[in-house]
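Colleague:
Residue numbers (the numbering used here), protein chains in the order written: chain A, 73 to 184; chain B, 57 to 168.
(1) I want to verify the contact list: residues of chain B whose CB lies under 7 Å from the CB of residue 169 of chain A, in sequence order.
(2) Can you list, in chain order, the residues of its chain whose CB lies under 6 Å from that of residue 165 of chain B, leaving out five sequence neighbours each side?
(3) Just the C-alpha distance for residue 93 of chain A and residue 85 of chain A, rounded to the nearest angstrom, thanks.
(4) What does the alpha-carbon distance come out to for the pair residue 83 of chain A and residue 179 of chain A?
(5) Using DSSP's beta-bridge definition, name the partner residues of residue 79 of chain B.
(6) If residue 167 of chain A and residue 119 of chain A are in contact, beta carbons under 8 Å, what's the gap, nearest whole angstrom?
(7) Spatial neighbours of residue 96 of chain A within its chain, please: C-beta separation below 6 Å, excluding the five flanking residues on both sides.
(8) Alpha carbon to alpha carbon, how far is residue 106 of chain A from residue 23 of chain A? Give it in angstroms, no decimals.
(9) Looking at the unbroken beta strand (DSSP E) that takes in residue 141 of chain A, where does it start and where does it end?
(10) By the criterion of Cβ-Cβ separation under 7 Å, what are the contact partners of residue 103 of chain A in chain B?
(11) Terminal residues of the continuous beta strand (DSSP E) containing residue 73 of chain B?
Structure follows, in structure tokens:
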């Protein structure tokens, strides 16, 4: 049972570099989310999608872009990484807006 | 007022103790409520959904008070393996918050 899979699990970037985090789910869920988690801040929503081809901004979208070209995949891009983007990133999915979300294992990103 | 508020703890309890966590939420239109558990350096995982009538799963009991916009989680006969951070989660209708709003979590440490 794969559920939600994130790649990569760890990454170190230099300031100004770009990268894409991939999230894949095999549960046929409509909703997908990207969160970041920082000490003392809890989980904060970056962007989310309510279906294939749709995206919307969350609480902290600046510096990130997303795409949902296929229902099962949700990509998070950092165009020009900054040290403030050092964080743990979690992808999640849910079948509807009212049901529980299932999380990937997280990506630990360090920007130096 | 923050959307979802929890006592951050930490709660340090001996094995066998009963411990209760509380959570308040600000959006009276919220329809879905959950408790998640997050182990250190791991992803959040659903512990249980919270229903209006209250629900129990083994040693865990969740209660919802819509009038007071208050959710609780009771853990009886605490085990060492219960040590984790417990996240209160509420769905949110509208705004830029997406669908699920997470509290910052309450840390529980169960000692021998």
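Glycine included, every Cβ here is placed at the ideal spot set by N, Cα and C.
Modeller: On the basis of the coordinates in this document:
(1) Within chain B, the residues near residue 169 of chain A are 147, 155.
(2) 66, 68, 139
(3) 12 Å
(4) 8 Å
(5) Residue pairing from DSSP places residue 79 of chain B in a beta bridge opposite B/62, B/127.
(6) Contact doesn't hold; Cβ gap of about 19 Å is too wide.
(7) 77, 144, 145
(8) In the structure displayed, chain A extends from 73 to 184; residue 23 of chain A sits before or after that span and is not available.
(9) From DSSP, residue 141 of chain A is part of no beta strand (DSSP E); its letter is neither H nor E.
(10) Neighbours of residue 103 of chain A on chain B, chain order: 155.
(11) It is not in any beta strand (DSSP E) - residue 73 of chain B carries neither H nor E in the DSSP assignment.
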